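What follows is a short report on a single structure.
2 protein chains.
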Amino acid sequence: MTPDSHRRVRPAGTEKPAPLDLTHHYSAVTKRRVPSKIKEVYKFFGIPNILNLAGGLPHVDYFPFDTLEAQTAKPERWTPTPNYPGEKTAVSSSSSSPTSSSGPASAAHIVVPKFVKEDDPLKKVDLDTVLQYGLAPGYPPLLSWVRQFVRENLEHTTLYKGGPGVVLTCGATDGFSKCLDLFVDQWTEGVNAVNTRPGILCEPYIYNSILSQAEPHGVQFVTVNTDVAGMVATGPGGLEDILANWDPSKGKRPHLLYTVTLGHNPTGVVLSVERKKELYAICSKYDVVIIEDEPYWYLQFPSASIEEAKSRGLPIPQQRQRQQSSYSSPFKSTSSSSGYAFLDSLTPSFIALDTDGRVVRLDTFSKTVAPGCRLGWITAQPALIERFERINESTTQQPSGFTQGLITELVLGPHQTSNSKATIKNQQARSAFARLRTTRDRAAFSGWDTSGWVRWLEGLRGNYERRMVRMCRALDAGSTLITTTTTSDDNDGDSEWDAVTVTTTPLYTYSWPRGGMFVWLRMLFHSHPLWNHPAVDGPTLARALQVWLTRKPFLVLVGSGTMFSATTKVEREEGWTFYRLCFAAEAEDNIGLSGERFGEGVKAFWEVKDVDVIRKLLSEVALEEDEEGVSQLASYMGC
Amino acid sequence: MTPDSHRRVRPAGTEKPAPLDLTHHYSAVTKRRVPSKIKEVYKFFGIPNILNLAGGLPHVDYFPFDTLEAQTAKPERWTPTPNYPGEKTAVSSSSSSPTSSSGPASAAHIVVPKFVKEDDPLKKVDLDTVLQYGLAPGYPPLLSWVRQFVRENLEHTTLYKGGPGVVLTCGATDGFSKCLDLFVDQWTEGVNAVNTRPGILCEPYIYNSILSQAEPHGVQFVTVNTDVAGMVATGPGGLEDILANWDPSKGKRPHLLYTVTLGHNPTGVVLSVERKKELYAICSKYDVVIIEDEPYWYLQFPSASIEEAKSRGLPIPQQRQRQQSSYSSPFKSTSSSSGYAFLDSLTPSFIALDTDGRVVRLDTFSKTVAPGCRLGWITAQPALIERFERINESTTQQPSGFTQGLITELVLGPHQTSNSKATIKNQQARSAFARLRTTRDRAAFSGWDTSGWVRWLEGLRGNYERRMVRMCRALDAGSTLITTTTTSDDNDGDSEWDAVTVTTTPLYTYSWPRGGMFVWLRMLFHSHPLWNHPAVDGPTLARALQVWLTRKPFLVLVGSGTMFSATTKVEREEGWTFYRLCFAAEAEDNIGLSGERFGEGVKAFWEVKDVDVIRKLLSEVALEEDEEGVSQLASYMGC
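Top to bottom, those sequences are chains A and B. Numbering follows the UniProt record's numbering, in which position 534 of the first sequence is assigned residue number 534; successive positions increment by one, without gaps. Numbering follows the UniProt record's numbering, in which position 605 of the second sequence is assigned residue number 605; successive positions increment by one, without gaps.
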């Protein structure tokens, strides 16, 4: 296959072309998936008053739940940060208190009732539907809301005919698992030909679960060079270089690219639209499917570059202009606005550039609501969505009805009954009532709706942005070891005249994250006193420091860069020099403290000159590794 | 591999042997699965007051749910049926009203709070844990309860050292999908060698989702003969015959057997312990892993054989004896009782015979609570459970926290606080308080606990058993067409002396289901007037009758046996002669009615002598198949 054979030939007319046919990328298994045989009887389900003995469903009366309920936050609970920090005074970094109290006054009580009398399946939200067997694409009222949000507000893109479709998943890990099912034929060394080995392109540092998901399938990860702005398109080690010079004796030329473009995990980079355009063009040229995983898309930090410069005493960079940031064309559709200033201000994902239909975007409710939702969605061209529906049927069937019901109730609010109709006597009264009811519906509507959803995300961005600033300020303050050496003049009793030497040793270097939940630090171990010690190599020092930091009085636990290294080569070469620090998980009051303790711990470690201290730390950990209880935690999630 | 090579060599001593090593059955992919790299930092999680910057978890404050709540049934809501109908008068078939009203008085309100102060992870049930990233084996309090129920009450088996383990799944479909992941290497015709093609042994009729799940992986289904008592072990077409005479040119000798033994879907058979022992011995001999799917295990109908005989005017069979039914040895462990008469009365599953550790049992909350739970569990030997945990990590991670939290609260009840301790002044008062608190805890305990859970299942069995009896009585009443033909004597005006011929035509034949949710009817199409018509074959008649039944005034929809045929050979030969009727899904008052309407519809169809009526029915359906809306339902679940 020549590189250009899958490039779209644009039709001359103005009508949008259909998305590309990507069936040649399907796995053998997913090619063979067919809809369930029960389809044969669907056509009869709608017959009025039919007694349905065909489906093997338990009766709703026998569900032991009569309602599902919850106390929920109002969408205004948290204070946003500015979309354009240059335009007005940034909110103080300590002002993360909720706009309104988080007590009962600010919470709403939601109820999913057992039955709602409603013919429209998009409006019927009750236990009769949501706790019953459902549809593989997702619970209709929720799927419909998600689809509308994606198509009208999030990326509002229709770059190909019909625009993208949406299917619900059990979260982004499940979504990626289903991407493997759809796009990857399992490969085993010695059994399958080397030139059929599937490959996934990615950054050198990657969300580690992706590795443990894909590697057992025989996938090889192929790293593309990055710079401070993210994955590099051209030049040596860039995307084009790798694809153009692919050696088939090392496997099949990768047909998949995995990335997190908006708040990269672990590096915190937000990939610009300009860089995305370059990368997309190369993927289009070499027929690569882009799988973008965007759990942090709404966590973009416009103040990061400004606050970073201030913290470091550097010139304040040019501030973002409102116009530049509203990607009205060609990344977003005819409408120049999503309808929400917050959404307009965000860098869009690859979906906004996807003229070919080669982007598969994974979303999740894990970070916007809670990881326990196990709920997310995939956005892609409709033919791919249909295959994901077949995969859902054969694996998870559907996300939890408990989750779907409560999230639907959260965003859509209670059902609007029209029972009072019977009391309306004449046409005049009926129209008056219709007007009244419309007003009432509006007033009574207690679901978040899309505006509430966007407001909730703005509030979360505010909180996480303030956390990021707080942690980075503390890290900046502790990033340098200042050593003062006094050289006494032996012949002079007056210490006033002693020579004072101040040595400045930078301990780590990093960019403030532009998005996401992580600070990615490169530790400068070459300045450590034991750097050249014959018994200690770099990775040993890095591991020892990680353990050292968990000891009193520092008591901070950081993630090692080795965990996020896409290949053993990356891990060996410089993966060990990095630490990932998450500013999301700890209590808010601990964020600054943890940054301070980290800095203090690192400084103290740079005072360690005795190699036995290192040996002792590592031997203690080796002992602990054998302890019972560790294996109990072996399956702990959340990274 | 010779047949006997995997047979267990029993040690002479009394100590139970370890389960067999089944790693030779693992798929290449699942062999390669390794625990997540984040394990490297688990050991530090327990350090007191450590600030954890390693995990990428969102903070619980930012979950928009402050509680999860529900109105739940009390376990006594439904009336049980007798475990031994011969011992006392069976409950009237119409008495399915709840023991107590289903109104608020009989319901409890459960709450999962945001935080519970509790150090024991098995007792801490709050949103802080259940909505956070969790553990791949399942939510600890729920997993622990399920494990205890399985090990102490359900099968209470320890036939091999340590006994079976348990892992939670997102329901039985997810469970079977993970069995494919663990035991099946994907196979493609023309790519992989024929003698490596994976095979699954099963009954000729099978839950259809299993086919659509496994066939895309290249699996071939190999049917084993059945009789009225279920799968046949010996004789032509029996399990041993198939395995002993396996022809490798047709694929790899099957190493998996899939079955539903307790209320088979679709046939309604409960496989006896005696038959299970025969089949198990053969599986042991030929090293076959048994995957048993038991969604209906608690829906066993002891009255079925008696009521069937009564309904048909046959001799009442010997009634089950209490002693015979308490499988105390060797199927269950040292304890002769589960602690619950209901559980003791049930036929056990293959797990109760599993000396080798070759049984993988799939359970689900879909029929005991609701399909929308998407929650179930797998019971198997610990080494297999460990692999399922690795598969969970790479796919679904964990079941929904919303489901896990609410089910845990349902069965375990609210957290028992011990806050009042501070008010206790002296030792004497403390002991008095301790006694008091024990009493209070008991009184205040509003969770179902295991006794409530068993009581709930008994009530469900009662309801479904009464439904079954009601439908089968109606079906029996309508199973025969009685035609009266009067032959007048032309020479005699006195009609009193006309010859009356009564023709009795049986329309269908079936056994009353001994368990589950389905009646499996064999339609006797050979007695239909159009049976020998050159333009109509059997399958056409069967399809036409299915459509005919959906028309007024019959309005019943039945499942065709073609849907449940394990192979096209089965479907062609006689799959088309069967219908499956589910007595679970319709409203209770419709159950008898639907049986009546079915009988009436079939009788009326037997009056159809014009082939154009058949043609018209089928052409109408063909038209409807093109209609919009059908595709919308394409992914409908629940079979």
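For each residue, glycine too, the CB sits at the ideal point set by N, CA and C. Source: prediction; values computed, not measured.
Cβ atoms of residue j and residue i: under 8 angstroms apart, would you say?
i, j, result
"G251/A", "V194/A", "yes"
"D66/A", "K114/A", "yes"
"residue 640/A", "I282/A", "Lying before the first or after the last residue shown, residue 640/A is absent from chain A, which here runs from 1 to 639."
"C170/B", "T396/B", "yes"
"F176/B", "Y26/B", "no"
"I143/B", "L168/B", "Looking at the sequence provided, one finds Leu at residue 143/B rather than Ile. Closer than 8 angstroms, so yes."
Thinking residue i and residue j are a contact (beta carbons under 8 angstroms), I'd like their distance in whole angstroms, please.
i, j, result
"D181/B", "T30/B", "6 angstroms"
"L460/B", "V519/B", "With a Cβ gap of about 18 angstroms, L460/B and V519/B do not count as contacting."
"Y579/A", "V613/A", "With a Cβ gap of about 19 angstroms, Y579/A and V613/A do not count as contacting."
"L481/B", "T505/B", "4 angstroms"
"G478/B", "E600/B", "7 angstroms"
Compare the C-beta of residue i against all C-beta atoms of chain A and say whether one is closer than 8 angstroms.
i, result
"Q381/B", "no"
"P204/B", "no"
"R522/B", "no"
"Y298/B", "no"
"S36/B", "yes"
"F63/B", "yes"
"T439/B", "The predicted model places T439/B with a pLDDT of 37, which falls under 50 and marks its position as unreliable; any figure quoted below should be read in that light. Chain A contact via Cβ: absent."
"E620/B", "no"
"D66/B", "yes"
"R461/B", "no"
"F388/B", "no"
Check for me: the beta strand (DSSP E) holding residue i runs from which residue to which?
i, result
"Q71/A", "F65 to A73"
"Y579/B", "F578 to C582"
"V289/B", "V289 to D293"
"C202/B", "G199 to C202"
"T259/A", "L256 to T259"
From the beta carbon of residue i, is the nearest beta carbon of chain B less than 8 angstroms away?
i, result
"residue 655/A", "Coverage of chain A is limited to positions 1 through 639, which leaves residue 655/A absent and any answer about it impossible."
"I291/A", "no"
"S325/A", "Note that S325/A scores 41 on pLDDT, short of 50, meaning its location in the model is unreliable; the coordinates nonetheless yield the value given after this. No, its Cβ sits nowhere closer than 8 angstroms to a Cβ of chain B."
"Q132/A", "yes"
"E393/A", "yes"
"A70/A", "yes"
"V146/A", "no"
"W548/A", "no"
"T334/A", "Caution applies to T334/A, whose pLDDT of 42 falls short of 50 and renders its modelled position unreliable; the value that the coordinates give is listed next. No - not a single Cβ of chain B is within 8 angstroms of the one on T334/A."
Grab the span of the alpha helix (DSSP H) containing residue i for me, first residue to last.
i, result
"Q148/B", "P140 to Q148"
"C283/A", "V273 to K285"
"D363/B", "Not the alpha helix (DSSP H): D363/B falls in the beta strand (DSSP E), residues V359 to T364."
"I407/B", "G401 to L412"
"P539/B", "G538 to T550"
"M468/B", "D449 to A477"
"T173/A", "A172 to F183"
"T501/A", "Unbroken run through T501/A is the beta strand (DSSP E), A499 to P506; no alpha helix (DSSP H)."
Quick one: is the Cβ of residue i within less than 7 angstroms of any heavy atom of the ligand MG?
i, result
"Y510/B", "The ligand MG is not among the ligands present in this structure, which contains no ligands whatsoever."
Quick one: which chain E residues come within Cβ less than 9 angstroms of residue i?
i, result
"H526/B", "The chain inventory of the structure shown lacks chain E, comprising the protein chains A and B."
Exercise for the section: Give the residues from the stretch 193-221 of chain A that approach chain B closer than 9 angstroms (Cβ to any Cβ), ordered along the chain. Expected result: Closer than 9 angstroms at the C-beta level to chain B, one finds these residues of the stretch 193-221 of chain A: Y207, N208, S209, L211, S212, Q213, A214, E215, P216, H217 and G218.
Handout entry: Residues of the stretch 366-381 of chain B with Cβ closer than 9 angstroms to any Cβ of chain A, in chain order
Key = S366, K367, T368, V369, A370, P371, G372, C373, R374 and L375
Problem - Where the stretch 262-287 of chain A meets chain B: residues whose CB sits under 7 angstroms from a CB there - result: N265
Practice task
With 7 angstroms as the C-beta to C-beta threshold (strictly closer), list the residues of the stretch 572-586 of chain B near chain A in chain order.
Solution key: From the stretch 572-586 of chain B, only L581, C582, A584, A585 and E586 have a Cβ closer than 7 angstroms to chain A.
Exercise for the section: Closer than 7 angstroms, Cβ to Cβ, to anything on chain A: give me those residues from the stretch 170-187 of chain B, in chain order. Expected result: C170, G171, T173, D174, S177 and Q186
Exercise for the section: With 9 angstroms as the limit, tell me which residues of the stretch 220-235 of chain B have their beta carbon closer than that to any beta carbon of chain A; keep them in chain order. Expected result: none
Problem - the stretch 584-611 of chain B: positions lying closer than 8 angstroms to chain A by Cβ - result: A584, A585, E586, A587, E588, N590, L593, S594, R597 and F598
Practice task
Would you list, in chain order, the members of the stretch 103-130 of chain A that have their beta-carbon closer than 7 angstroms to a beta-carbon of chain B?
Solution key: A107 and V130
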